[in-house]
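Enquirer:
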Amino acid sequence: MQHNRSRFTSIIAICAFALGACSTSPSESSGNSPQFSGPWAEEFESAYNSTDSEFAKTILSDGEITEAEIKEAEQAMTSCLEEKGYTDVEFYSDGRSQNAVPPGKEDSEEGDRRACEQSTGYDALWIYYEIKVNPNNEDWEPLVVQCLKDNNLVESSFTPSDLDRLYETGEIENHRDQEEWTKCETDPLGLG
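With the working numbering as the guide, the letters of the sequence shown map in order to residues 1 to 192.
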């Protein structure tokens, strides 16, 4: 069987993130949507409004995602994937997952995974992994650059623009075999 790792389809660009919760707290507005506050308020609102999953809406509605809630969502994802024939489903603390792909399912795995993420609401809970490694929702690239500098992986003159160039040209792949580089990309504050 082939094993495949994938990230949430909704996670963008540089980051994968570890466990956490947010100090964001909502108050009910006059409508049906909660009013979120705190450094992740905009992301909570976006995740809440983008999902059709009542399960995910319930989790997001209080402006916090607990470890127990994410474990429940992971179990729902596992059940969904197993119903589609996938086995050995594992979740990592940064939001990645891995599963065995049975013969003949290679071409449908991504679509099956996306369908399970949407039906379980797991795709709306990506924020959980980001909060742990960036609780104040700071601009990500300067954090990565500072971490790279602190670990002597780049010159002191290295800037966020230089990091962008590495991504744009694909040169970033030349660094991904370095454990410290990967740590800086995924958890620059060392909180995960």
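Heads up, the beta-carbon is just placed ideally off N, CA and C, and yes, glycines get one too. Note that the structure is predicted; figures quoted are calculated from it, not measured.
If you run the structure through DSSP and keep just helix, strand and coil, what is P135?
Expert: coil
Enquirer: Taking only runs that begin and end inside the region 63-93, name each unbroken alpha helix (DSSP H) of 4 or more residues, in chain order.
Expert: 67-83
Enquirer: Taking the straight line between their C-alpha atoms, what separation do you get for E130 and N152?
Expert: When the Cα atoms are used, E130 and N152 turn out to be separated by approximately 25 angstroms.
Enquirer: With a 10 Å radius around its C-beta and 16 neighbouring C-beta atoms as the bar for buried, classify G170 as buried or exposed.
Expert: exposed
Enquirer: Just to confirm my understanding: we take A21, look at its own chain, exclude 5 residues before and 5 after, and list those with CB closer than 7 angstroms. What are they?
Expert: With a pLDDT of only 35 at A21, under 50, the local geometry of the prediction cannot be trusted, and no value is derived from it.
Enquirer: Could you check what DSSP says for S97 in three-state terms: helix, strand or coil?
Expert: In this structure, DSSP gives S97 an extended state, which the three-state scheme calls strand.
Enquirer: Any idea what DSSP makes of Q178, helix, strand or coil?
Expert: coil
Enquirer: Which value, in whole angstroms, describes the spacing of the CA atoms of S156 and D123?
Expert: 37 angstroms
Enquirer: Quick one, which of K84, H175, L60 has its alpha-carbon nearest P193's?
Expert: There is no way to answer for residue 193, as the model of the chain reaches only from 1 to 192.
Enquirer: Just to confirm my understanding: we take K183, look at its own chain, exclude 5 residues before and 5 after, and list those with CB closer than 7 angstroms. What are they?
Expert: none
Enquirer: Once you ignore the five residues that flank L81 on each side, which residues in its own chain have a CB closer than 8 angstroms to its CB?
Expert: Around L81: V89, N99, D112, R113, C116.
Enquirer: Short check: CB of V144 to CB of E179, under 8 angstroms?
Expert: no
Enquirer: Can you tell me whether P34 is helix, strand or coil according to DSSP?
Expert: strand
Enquirer: Just to confirm the assignment, what range does the alpha helix (DSSP H) spanning Y167 have?
Expert: 160-169
Enquirer: Of the choices T51, S37, P39, W40, whose alpha-carbon is the least far from that of T120?
Expert: T51
Enquirer: Identify the continuous alpha helix (DSSP H) that holds L191 and give its terminal residues.
Expert: Segment: none, L191 is in no alpha helix (DSSP H) and carries neither H nor E.
Enquirer: For the alpha helix (DSSP H) containing D150, list its first residue and its last residue.
Expert: 140-150
Enquirer: Do F91 and E74 have their C-beta atoms closer together than 8 angstroms?
Expert: Yes.
Enquirer: Nearest CA to the CA of P142: which residue from S161, E72, F55?
Expert: S161
Enquirer: Please classify P188 as buried or exposed, where buried requires at least 16 neighbouring CB atoms within 10 angstroms.
Expert: buried
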